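> Okay, handing you the structure first.
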DNA sequence: TGAGGTTATGGAATCGATTGCAGATCAAAT
DNA sequence: ATTTGATCTGCAATCGATTCCATAACCTCA
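What follows is the structure, given as structure tokens:
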């Protein structure tokens, strides 16, 4: 039997639709006996509320959009997981929107929010331009951006959750220095990108803090892929005085470094210690297990979702830009003591 | 400026709301000049159609739900990716619903479909019971189930997409036999589960097909985790006549087997060849790279989504149960020739 | 008994877009 | 000039639930 409406229930029971609505939703008064009869009829008639009608009237969809550049990237899965933990708890559903790193798709996601497909959005944006920001600022629904941070303009109507990647590479590098290593190489992403530059600066600062000399020759720019890491490391290890350790700006490159070491007959961490960043699931499964700086993706997701929920429930949001601290996870690839 | 409605546009232009609707949606006649004025006013007034109102009237949400047991499992990410490829192409949005392996959550997902939150659903169900199936059969919206196959009852109103895992372990085992290996161990999941039993049968059949003896003692029941695979393998390798190869019912267990081999000082694939199943992303990154039977998750997702789209567009669906064939991906862990 | 308050219910408007029907306009054809 | 048909537009109903307002019923206490 197909489902019914409150009108059919009203007719069956002999009351008005408004009474049925009150009985079922619990908003407003309703007599005990009437309510019982309505409940019974609802069950008998296979009633289920129509979501669209409810949304139209209440102006709430109970859904949020997560606009993400790349569905295949495990990094974002962790975020999804974190987001879902929070929104589910508040009775919201999660719509996944795949932007493919394209501005046009990001704008489509924004358009969906404008059309009230969802009550709010969390977006990992790779296009911080006028058009994008402008469109977001015109929305009446709340938006939280992650993955990047520019100090918010006065008129900006969105919130930020971001990771301090500077602190991340700094921690990772300091950890290696703490192991007594002094010649440390760095393989990063493009230095002209915000996040790539920050990671590089963190590395450098750790060296300077420890009073170690900083050698430009030990810094390589690569592309965040395993192959890129491998190629850079191969070159680095060929140098007459090769580094005792390598900091990679993400785990995939770090794994590439491991392969280069293996190929060169160098043991990890015995000859070369390695630290990565992202703390991917697979990093604890490679051999030796990779020491990595976790960017706390799940936590980013949770915090972003929490802010969104706060905004949606009219609660005050004190921190327009939440900074997440990365966390060093020490494993075999960097640790001289627990090599196994 | 906040967005406006067709009524405001109508007033501004001096026409009726129905004309505005026709102009914007393209359904029905509309004069050229009028249309131009309406378009202009729509832009000026920051118009965006209200999704809820549209749904209420048209009865279409342009969304589908993917109900998945476990957001963290990379296996499902691939499915999500496949699903999204297809639904996006048709202008649908994807709602992710996390059932946590719980029947109650699966029922909630079904309830959402009943309330017309989405036009259809793809579900990976771990609870094939009366309650569940009954609720699905009462829906008027189409549902596609994956991950399990029972021959559909006459009254069942849903479709199936499933993988022939029997064929998967059979292929993997045959591959090892083809390498000249004859003593082959098996580490599977619970044999009392449908899928666990099928995988086991595929393994056995490959041996029998090749005329090899089947030893019960080389079959271990484990739990699909890396640790479970490790423990089972450790025991297996301690046997007086240890196997030359091991087939594991999934990649995580296979990786556990690799660790056990390493611990026992056995080389892979020299001393022990290994084949896994699932073809996880990380399997191509461990060392040595793992040979694995791909269950074609992405394809499952695509096919399931395609069936759903067909149903939603009133196209005939010829195959109520689509069988996907697994695909063997040969890498280093099983190949005597290309060891590197 | 009646005043005052609480609880129960119905009526009707509302959310915003779609669409069938009817009337109006206009061009082309007879 | 009149018929025919195509094109354009407005009216009003509709999708299904929510909610404000008004009235009615009921209870309580002086």
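Protein chains in written order, with UniProt numbering: chain L, 1 to 340; chain G, 1 to 340.
For each residue, glycine too, the CB sits at the ideal point set by N, CA and C.
In this text the structure is predicted, and so the values were computed from the model without any measurement.
1. Reducing DSSP to helix, strand and coil, say where residue 333 (chain G) ends up.
2. List, in order along the chain, the chain G residues whose C-beta lies closer than 7 Å to that of residue 81 (chain L)?
3. Whole angstroms are fine: how far does the CA of residue 283 (chain G) sit from the CA of residue 164 (chain G)?
4. Determine the direct distance from the alpha carbon of residue 91 (chain G) to that of residue 270 (chain G), and round the result to whole angstroms.
5. Which residues of chain G have a Cβ atom closer than 7 Å to the Cβ of residue 51 (chain L), listed in chain order?
6. Thinking just about the alpha-carbon of each residue, which of G:139, G:102, G:115 is nearest to the one in residue 156 (chain G)?
7. Buried or exposed: which applies to residue 30 (chain L), given that a residue is buried once 16 or more other Cβ atoms fall within 10 Å of its Cβ?
8. Any Cβ of chain G within less than 8 Å of the Cβ of residue 285 (chain L)?
9. Under the DSSP definition of a beta bridge, which residues are partnered with residue 4 (chain G)?
10. How is the beta strand (DSSP E) around residue 221 (chain L) delimited, first residue to last?
11. For residue 293 (chain G), which option in G:234, G:281, G:13 has the closest C-alpha, if you only look at C-alpha atoms?
12. Taking the CB atoms as reference points, tell me whether residue 327 (chain G) and residue 296 (chain G) lie closer together than 8 Å.
13. In chain L, what lies closer than 7 Å to residue 2 (chain G) by C-beta?
14. Only counting the same chain, and skipping five residues up and downstream in sequence, which positions put a Cβ closer than 7 Å to that of residue 81 (chain G)?
15. Skipping 5 residues on each side, what residues in its chain have a beta carbon closer than 6 Å to that of residue 182 (chain L)?
16. List the residues of chain G that residue 56 (chain L) touches, going by C-beta distances under 9 Å, in chain order.
17. Pick helix, strand or coil for residue 266 (chain G), following the three-state DSSP scheme.
18. In whole angstroms, give me the CA-to-CA distance for residue 340 (chain G) and residue 332 (chain G).
19. Where does residue 36 (chain L) land, buried or exposed, given buried means 16+ other C-beta within 10 angstroms?
20. Among L:264, L:252, L:265, which residue has its Cα nearest to the Cα of residue 286 (chain G)?
21. Helix, strand or coil: how does DSSP classify residue 324 (chain G) here?
22. Taking only the alpha-carbon atoms, compute the straight-line gap between residue 335 (chain G) and residue 179 (chain G) and give it to the nearest angstrom.
23. What does the Cβ neighbour count give for residue 129 (chain G), buried or exposed, with the cut at 16 atoms within 10 Å?
24. With distances taken Cα to Cα, identify the nearest neighbour of residue 277 (chain L) among L:264, L:246, L:237.
25. What is the residue span of the beta strand (DSSP E) that residue 77 (chain G) lies within?
26. Give me the residue from G:307, G:291, G:12, G:199 with the minimum Cα distance to residue 176 (chain G).
27. Residue 230 (chain L) and residue 250 (chain L): beta carbons closer than 8 Å?
28. Specify the secondary structure class of residue 100 (chain G) as computed by DSSP and reduced to three states.
29. Since residue 279 (chain L) meets chain G, which of its residues come closer than 7 Å, beta carbon to beta carbon?
According to the structure data:
1. Residue state, collapsed to three classes: helix.
2. Contacts between residue 81 (chain L) and chain G, judged by CB atoms closer than 7 Å, involve 71, 72 in chain order.
3. Near 21 Å, if we compare the C-alpha coordinates of residue 283 (chain G) and residue 164 (chain G).
4. Each residue's Cα considered, the two are about 51 Å apart.
5. Within 7 Å Cβ-Cβ: 115, 116, 117.
6. Measuring from the Cα of residue 156 (chain G), the nearest candidate turns out to be G:139.
7. Counting the other CB atoms within 10 Å of its CB gives residue 30 (chain L) a total of 16 or more, which places it among the buried residues.
8. Output row for residue 285 (chain L): interface = yes.
9. When DSSP reads this structure, residue 4 (chain G) sits in a beta bridge with G:47.
10. 219 to 221 is the span of the beta strand (DSSP E), which, as asked, contains residue 221 (chain L).
11. That would be G:281, whose Cα lies nearest to the Cα of residue 293 (chain G).
12. Against a cut-off of 8 Å, the Cβ pair of residue 296 (chain G) and residue 327 (chain G) comes out as a contact.
13. Counting only Cβ-Cβ distances below 7 Å, residue 2 (chain G) has contacts in chain L at 140, in chain order.
14. Taken in chain order, the residues that qualify are 298, 301.
15. Excluding five sequence positions before and after residue 182 (chain L), the CB atoms of its chain that fall closer than 6 Å to its own CB belong to 212, given in chain order.
16. Chain G residues near residue 56 (chain L): 50, 52, 53, 55, 56.
17. For residue 266 (chain G), the secondary structure class from DSSP, reduced to helix, strand or coil, is coil.
18. Unreliable placement is indicated for residue 340 (chain G), whose pLDDT of 39 sits below 50; no coordinate value is reported for it.
19. So residue 36 (chain L) ends up on the exposed side.
20. Comparing Cα positions, the closest option is L:252.
21. Strand.
22. Answer to the nearest angstrom: the Cα atoms are 7 Å apart.
23. Classification for residue 129 (chain G): exposed.
24. The option with the nearest alpha carbon to residue 277 (chain L) is L:246.
25. Premise fails: residue 77 (chain G) lies in the alpha helix (DSSP H), 74 to 89, not in any beta strand (DSSP E).
26. Checking every option, the nearest Cα to that of residue 176 (chain G) belongs to G:291.
27. Contact flag unset, no.
28. Three-state DSSP puts residue 100 (chain G) in coil, outside helix and strand.
29. The premise fails here: residue 279 (chain L) is roughly 13 Å from chain G at the closest Cβ pair, so nothing lies under 7 Å.
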